[in-house]
Amino acid sequence: MTKAVIAIHGGAGAIARARLSPETERQYIAALSTIVETGQHMLEAGESALDVVTEAVRLLEECPLFNAGIGAVFTRDETHELDACVMDGYSLRAGAVAGLSRVRNPVLAARLVMERSPHVLLVGEGAENFLFAEGVEAVEKDLFSTPARYQQLVEARAAGETTLDHGSAPLDERQKFGTVGAVALDKHGNLAAATSTGGMTNKLPGRVGDSPLPGAGCYANNANVAVSCTGTGEVFIRALAAYDIAALMEYGGFSLHEACEAVVMEKLPALGGEGGLIAVDREGNVALPFNSEGMYRAWGYAGDAPSVGIYRE
Ligand code: ASP
46 MTKAVIAIHG GAGAIARARL SPETERQYIA ALSTIVETGQ HMLEAGESAL
96 DVVTEAVRLL EECPLFNAGI GAVFTRDETH ELDACVMDGY SLRAGAVAGL
146 SRVRNPVLAA RLVMERSPHV LLVGEGAENF LFAEGVEAVE KDLFSTPARY
196 QQLVEARAAG ETTLDHGSAP LDERQKFGTV GAVALDKHGN LAAATSTGGM
246 TNKLPGRVGD SPLPGAGCYA NNANVAVSCT GTGEVFIRAL AAYDIAALME
296 YGGFSLHEAC EAVVMEKLPA LGGEGGLIAV DREGNVALPF NSEGMYRAWG
346 YAGDAPSVGI YRE
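If you count the sequence shown from 1, you need to add 45 to reach the working numbering.
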């Protein structure tokens, strides 16, 4: 039987140790540990990789520390537009949503699109109407707002930053991509991936990043690997980052670690892409590479103690 494993991330970026207070650091570590442990227990109990990644990402969306669901960043117009994707490596089915503002858990919405619609990606009002018809409850648009995220918008505006201008700015919390994601391999050898995000602070309304795009910010295929990305979405889209990991393994004979090295350390930076990804291959190997200062991350095999990291250790 396969050794089941889960990895999660809470975003990559310029997470400078000096700027993260010990108290905040403890909160991140506690949240990541609790959520990865929940996933490990589910895997141990024989639950599917698809259910495990969906639940892990739902829990990350519920946690205001991360830029997904509650705690999502603000757009230029002081609104929230949430994107998510889920992909099942067994069937190669995928479901995704973009530009949601009235649905509490975008990852559950993505799952509904996959399971209850003939489509892969639904956006905006059309997506919400489909979800409400499926029985999803509408929430107030300010449910996702937190004072910390509003402050980030104010600072981003003052600095004149746009969504595309993240490259060489000073290191601080504003420069963190707080997207969340999960990848898992279950006992039955099935892989799955899920990604969810509020996008980037001060983004133009209507902007969609890599997170809800299968192949860009999320990909799973039982033949090789499950991947969830975080970083400068525009570059991850152009690089088809998640699928590129799978393609290098499938067509190039790369190992998981070689594929991660090529994409995260060479191909993305060459296009100005900053960030990282988490990946699990069909053998249960785990990789959590990033080319930024840090990446909130945790992983663990079913039955083992979890590991948690933030900085480049
Ligand atoms: N990749 C996300 C996006 O571009 C941002 C992030 O990873 O935090 O929307």
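C-beta: ideal position from N, C-alpha, C; glycine also.
- Shortest gap from the CB of M245 to any heavy atom of the ligand ASP: under 7 Å.
- C-alpha of G345 to C-alpha of V331: approximately 9 Å in a straight line.
- Beta-carbon to beta-carbon, A237 and A265 are separated by about 5 Å, close enough to satisfy the 8 Å threshold.
- Runs of the beta strand (DSSP E) lying entirely within the stretch 92 to 171, each at least 3 residues long, are 127 to 133, 138 to 145 and 166 to 168 in chain order.
- A203 counts as exposed, since fewer than 16 other C-beta atoms from the protein chains shown sit within 10 angstroms of its C-beta.
- Under the DSSP assignment, I74 falls in the alpha helix (DSSP H) whose first and last residues are P67 to E89.
- For G84, the number of other beta carbons within 10 angstroms of its own is at least 16, and it is reported as buried.
- Sequence-distant Cβ neighbours of G254 in its own chain, meaning closer than 6 Å and more than five residues away, are G244 and G278.
- Y356 has G339 as its beta-bridge partners, per DSSP.
- Between the alpha carbons of T124 and K186 lies a distance of about 8 Å.
- Rounded to whole angstroms, the separation of the alpha carbons of V118 and E328 is 36 Å.
- In the structure shown, the three-state DSSP call for D289 is helix.
- A distance below 8 Å between beta-carbons, with the five flanking residues on each side excluded, links V184 to the following residues of its chain, in chain order: R147, V148 and R149.
- Here the stretch 150 to 165 makes no contact with the stretch 272 to 292; the two share fewer than three CB pairs at distances below 8 Å.
- Contact between S93 and N269 does not hold, since the beta-carbon distance rounds to 18 Å and is not under 8 Å.
- In the structure shown, the three-state DSSP call for I282 is helix.
- By the neighbour-count criterion, in which a residue is buried when 16 or more other Cβ atoms sit within 10 angstroms of its Cβ, E173 is buried.
- Inter-residue distance for G297 and F281 is about 20 Å (C-alpha atoms, whole angstroms).
- Within its own chain, the residues whose Cβ lies closer than 8 Å to the Cβ of L153, once the five positions on either side in sequence are excluded, are T99, R103 and V181, listed in chain order.
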